[in-house]
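Written below as structure tokens is the structure these notes are about.
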Amino acid sequence: MYHSLTVVALTQETPDAVTIHLERPDRQPLACQPGQFLTLILPCGPGGKKERRAYSLSSTPHEAPRLSVTVKRVPGGLVSNYLLDTVRVGQEIEVMAPIGNFTLKPSPKAARSVVLVGAGSGITPLMSILKAVLKSEPQSYVLLVYGNRNEESVIFKEQLQQLEAGSNGRLQVEHVYSQPLRPTSGHQHTGRLNRTMLLRILEQRHQFPADQAEYYMCGPEGMMEEARAALDLLRVPAARIHRESFVASADTSEVAAAQPNGHGDVTTGAAAGAPATRSVTIQYEGSEYVLDVPPNKTILETALDQDIDLPYSCQAGLCTACRGKCLSGKVHLDEREGLSDSEMKQGYVLVCVGHPMTDDVVIEIG
Ligand SMILES: Cc1cc2nc3c(=O)[nH]c(=O)nc-3n(C[C@H](O)[C@H](O)[C@H](O)COP(=O)(O)OP(=O)(O)OC[C@H]3O[C@@H](n4cnc5c(N)ncnc54)[C@H](O)[C@@H]3O)c2cc1C
Ligand code: FES
């Protein structure tokens with residue numbers, strides 16, 4: 001699951017975003033789906049400690065063996081600044097194989113409408129999905145509604161122009177600028193990418209009937225909430241809406257994973273008992289590890305302290321790299337963004353944000 005990839009090219013997309021193109025040294029492809037992410041592992045922590053961060057693929061499987069990620073600088077951020085300031089062609093980067101559920105499976109026979117709503121660096125997985133649909137589904141249409149501060153902060157601006165021009169009307173891009181440098185017109189809009197803006201844009205695009213289209217959104221939490229509100233007003237079924245978060249929301253509402261056997265059902269952290277060090281059994285790759293998890297640590301942190309090499313990436317409950325199934329006991333999650341309701345009901349948990357609430361917790365990972 002771990003690979004060493006070589007940086008084969010770099011593309012400066014905007015002053016604060018770079019695309020890093022990677023390949024295996026033997027040029028063999030790595031399996032991936034449009035919209036998935038790579039985990040980069042970089043020795044940029046204190047004392048050269050390895051840090052992991054998730055970066056969505058902006059490339060698609062048909063660009064194999066090349067995998068590309070696009071990194072935007074986060075002010076004060078450790079890994080994004082390290083990458084933007086030091087990455088160079090020829091460098092080797094350790095990665096975890098692509099994973100993620102924010103995907104679209106292209107099908108050559110499909111004739112569908114796909115609506116992508118993104119802002120800032122949230123364009124990356126949408127770009128992967130967009131290119132895959134254009135390449136593999138000749139009868140499908142894509143609408144991209146893309147919010148940015150101004151014309152100069154648009155990642156993939158020229159690439160999008162070229163794709164749109166060569167798409168025979170199958171790709172439409174609507175830019176929304178909060179502080180445009182020039183007066184906007186046509187497919188450019190001034191304002192925030194909020195529910196009113198999105199409804200106005202969707203109303204005019206008749207190839208995208210609201211209840212039949214599929215929606216993919218990725219961007220800041222506020223934008224995704226607005227987009228969700230617009231889709232609720234249009235009565236779009238939840239099953240047609242997919243979202244990816246790069247940052248944990250400020251809302252730290254507490255959720256507990258239900259046990260698959262039905263005991264205990266869903267409980268909240270507050271009601272689940274006094275904090276205590278509790279025993280957790282982890283089953284992973286044929287081995288069994290017993291951990292004593294203190295109340296101030298997550299299950300993943302405790303495992304890593306003991307040099308148990310569990311899979312993980314974002315450490316924030318977003319990406320599902322650390323997903324496991326709770327076979328017994330109760331687990332409290334600080335964040336559940338990465339899990340669907342159905343996964344929660346089946347007893348899936350994220351150990352990076354998980355705390356045992358009983359002494360009989362057994363989690364199977366992988
Ligand atoms: C599934 C997934 C896919 C992702 N894909 C991409 C991608 O394609 N391109 C990309 O640039 N990033 C992407 N990210 C975000 C990326 O993993 C890092 O979180 C980001 O680069 C910041 O890392 P850092 O080490 O620079 O900042 P840190 O040192 O980890 O954080 C510094 C501060 O910035 C905040 N912060 C972190 N990320 C953001 C953000 N995006 N916007 C605003 N504030 C932030 C943190 O909450 C923290 O307070 C993705 C994240 C996930 C979970
Ligand atoms: S490491 Fe990303 S959800 Fe746990």
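Just so we're aligned, residue 1 is where the sequence shown starts under UniProt numbering, counting upward by one. Every residue, glycine too, gets a C-beta built ideally from N, C-alpha and C. Given the structure is predicted, the values throughout are model-derived calculations rather than measurements.
Just how far apart, CA to CA, sit M224 and V117?
-> 8 Å
Identify which residue in Y348, T298, R278 has its Cα closest to the Cα of D292.
-> R278
Please find out if some non-hydrogen atom of ligand 2 comes closer than 7 Å to the beta-carbon of T320.
-> yes
Does the stretch 21-34 come close enough to the stretch 56-68 to have 3 or more Cβ pairs within less than 8 Å?
-> yes
What are the boundary residues of the alpha helix (DSSP H) that includes T302?
-> 299-305
Compute the minimum distance between the beta carbon of C326 and the heavy atoms of ligand 2, and state whether it is under 7 Å.
-> no
Could you tell me the boundaries of the beta strand (DSSP E) in which C328 lies?
-> Position check: residue 328 holds Ser in this sequence, whereas Cys was assumed. Unbroken beta strand (DSSP E) run through S328: 323-328.
Regarding residue 419 and ligand 2, is the C-beta to nearest heavy atom distance less than 7 Å?
-> No answer is possible for residue 419: the residues shown for the chain start at 1 and end at 366.
Taking 8 Å as the threshold, find out whether the stretch 48-57 comes into contact with the stretch 104-115 through three or more Cβ pairs.
-> no
Hey, is F246 close to ligand 1, as in C-beta under 7 Å from one of its heavy atoms?
-> yes
Beta-carbon separation (whole angstroms), V114 vs V142, contact threshold 8 Å = 5 Å
Rounded to whole angstroms, how far is the Cβ of L42 from the Cβ of E51, which I believe are closer than 8 Å?
-> 6 Å
Rounded C-beta distance between L78 and C44? I'm assuming under 8 Å.
-> 6 Å
Buried or exposed: R235, going by 16 or more other Cβ atoms within 10 Å of its Cβ?
-> exposed
CA-to-CA distance, L310 to L304, given in whole angstroms | 7 Å
Is DSSP giving Q207 helix, strand or coil here?
-> coil
Can at least three beta-carbon pairs, one atom from the stretch 181-194 and one from the stretch 146-153, be found at a separation below 8 Å?
-> yes
Which ranges does the beta strand (DSSP E) cover as unbroken runs of at least 3 residues, wholly within the stretch 94-167, from first to last along the chain?
-> 113-119, 141-148
Buried or exposed by the 16-neighbour rule on C-beta atoms within 10 Å, applied to D265 = Its pLDDT being 33, under 50, D265 is placed unreliably by the model, and the measurement read from it follows with that caveat. D265 is exposed by the Cβ-count criterion.
6 Å Cβ shell around G329 - same chain, five flanking residues per side excluded = T358, D360, V361
According to DSSP, residues forming a beta bridge with D292 | S279
Other residues of its chain near V8: CB distance less than 6 Å, five sequence neighbours each side excluded | H21, E23
Presumed contact (8 Å Cβ cut-off) between L5 and I99, rounded CB distance = The pair is not a contact, with the Cβ atoms about 15 Å apart (cut-off 8 Å).
Contacting residues, own chain, Cβ-Cβ under 6 Å from A270 (five flanking each side not counted) = Caution applies to A270, whose pLDDT of 42 falls short of 50 and renders its modelled position unreliable; the model cannot decide the point.
Which residues in the same chain have their Cβ closer than 6 Å to the Cβ of H187, if we skip the five residues on either side of it in sequence?
-> E174
So, helix, strand or coil for I201, using DSSP?
-> helix
Ordered along the chain, which non-local residues of its own chain (more than five positions away) have a Cβ less than 6 Å from that of S121?
-> K72
By DSSP, does M217 sit in helix, in strand, or in coil?
-> strand
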